[in-house]
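Be aware that the sequence shown starts at 825, since it is given in my numbering, and climbs by one per residue.
The beta-carbon is built from N, C-alpha and C at its ideal position, and this holds for glycine as well.
Since we're looking at a predicted model, the values are computed, not measured.
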Amino acid sequence: MTKKRPAGLPSVKLIAVAAIAGLIAGAVAVYVKETGSGNGAEQVAANGCETASVMTDALAPLAKGQITALVAANPPHPVAGVSFKDASGADASLETLKGKITLVNLWATWCVPCREEMPALNRLQAARGGKDFDVVAINIDSGGDEKPRTFLSDNGIDRLGFYRDSSMGAFNALKKQGLAFGLPVTLILDRKGCLIGSMNGPAAWDSEDAKLLIDRLTAL
């Protein structure tokens, strides 16, 4: 008989994949830091994200354990060109998410790490979602809504809103900005919509490491 793991605990497989992603992210973070242009402060002031550095400073030391692969934005900045549909089919974008700390995740039903990660995102939303924080998981399957909706229903993912971009435009926009190399991809935005952290690959988002990060950011 197959034993189900206790609710709320990240799977061993997800932890292992996240750990590998963390090693890669660490290398990328060093590369970015060492090849930066040196004008980060000017860029932040110019793009309206001048206060977001407080959050990137808080995020960096908390990107460890189950969320090691999370890399602080340097400098924090708005993310352009990411549009999608909400559950009603109305147009939405990252601009419409302002007002809360937001974890934006792009996923697809054909992406095995995404499928593994979605229940953890659901549990994070259940534990921390509300007036100060939300998980916005954007499905990028081509075609209609039936397949992603069925996946969510079959797997008891009932705390996440339904967001869709069947055109792959959202992923391509992130790819052009150097934020997406594959799926899943995750962004963390501050209340003004400024990017403060990003991750390629899955993570145990229901872990204590992730919850501590969200608690720290929402307290700022």
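Buried/exposed call for residue i, threshold 16 Cβ in 10 Å
i        : result
Thr-1010 : buried
Asp-915  : exposed
Asp-1039 : exposed
Gly-954  : exposed
Ser-1022 : buried
Gly-1025 : buried
Sequence-distant residues of the same chain with beta carbon closer than 6 Å to residue i, five excluded per side
i        : result
Phe-876  : The question names Phe, but residue 876 is Ala in the sequence shown. Only Pro-900, Asp-1014, Cys-1018, Ile-1020 meet the Cβ criterion.
Ala-1004 : Phe-995, Leu-998
Phe-986  : Ala-911
Lys-909  : Arg-988
C-beta atoms of residue i and residue j nearer than 8 Å
i        : j        : result
Leu-1036 : Leu-886  : yes
Phe-957  : Thr-1042 : yes
Asn-979  : Pro-972  : no
Leu-984  : Cys-938  : no
Gly-889  : Asp-1033 : yes
Ala-896  : Ala-911  : no
8 Å Cβ shell around residue i - same chain, five flanking residues per side excluded
i       : result
Tyr-855 : Confidence in Tyr-855 is poor, its pLDDT being 33 and thus under 50, which makes the residue's placement unreliable; the coordinate value appears in the next sentence. Here the set comprises nothing.
Gly-968 : Ser-990
Ala-882 : Arg-1040, Leu-1041, Leu-1044
Arg-952 : Lys-1035, Ile-1038, Asp-1039, Thr-1042
Gln-949 : Asp-958, Val-959, Arg-983, Leu-984
Lys-924 : Lys-955, Asp-956, Phe-957, Asp-958, Arg-1015
Bridge-paired residues (DSSP) for residue i
i        : result
Ile-925  : Phe-957
Asp-978  : Note: Asp-978 sits in no beta bridge, so no partner.
Thr-1010 : Asn-929, Met-1023
Ile-962  : Leu-930, Tyr-987
Ala-916  : Phe-908
Beta-carbon separation (whole angstroms), residue i vs residue j, contact threshold 8 Å
i        : j        : result
Gly-905  : Lys-1016 : With a Cβ gap of about 17 Å, Gly-905 and Lys-1016 do not count as contacting.
Phe-975  : Thr-933  : 5 Å
Val-960  : Val-928  : 5 Å
Ala-1027 : Glu-941  : 7 Å
Asn-946  : Ile-981  : 4 Å
Val-903  : Leu-921  : Actually they are not in contact, since the Cβ atoms of Val-903 and Leu-921 sit about 10 Å apart, beyond 8 Å.
Any chain C beta carbon closer than 8 Å to residue i
i        : result
Leu-1041 : No chain C appears in this structure, which consists of one protein chain only.
Same chain, Cβ closer than 7 Å to residue i, neighbours up to 5 away in sequence not counted
i       : result
Met-992 : Ile-964
Pro-943 : Asn-979, Ile-981
Ser-966 : Ser-990
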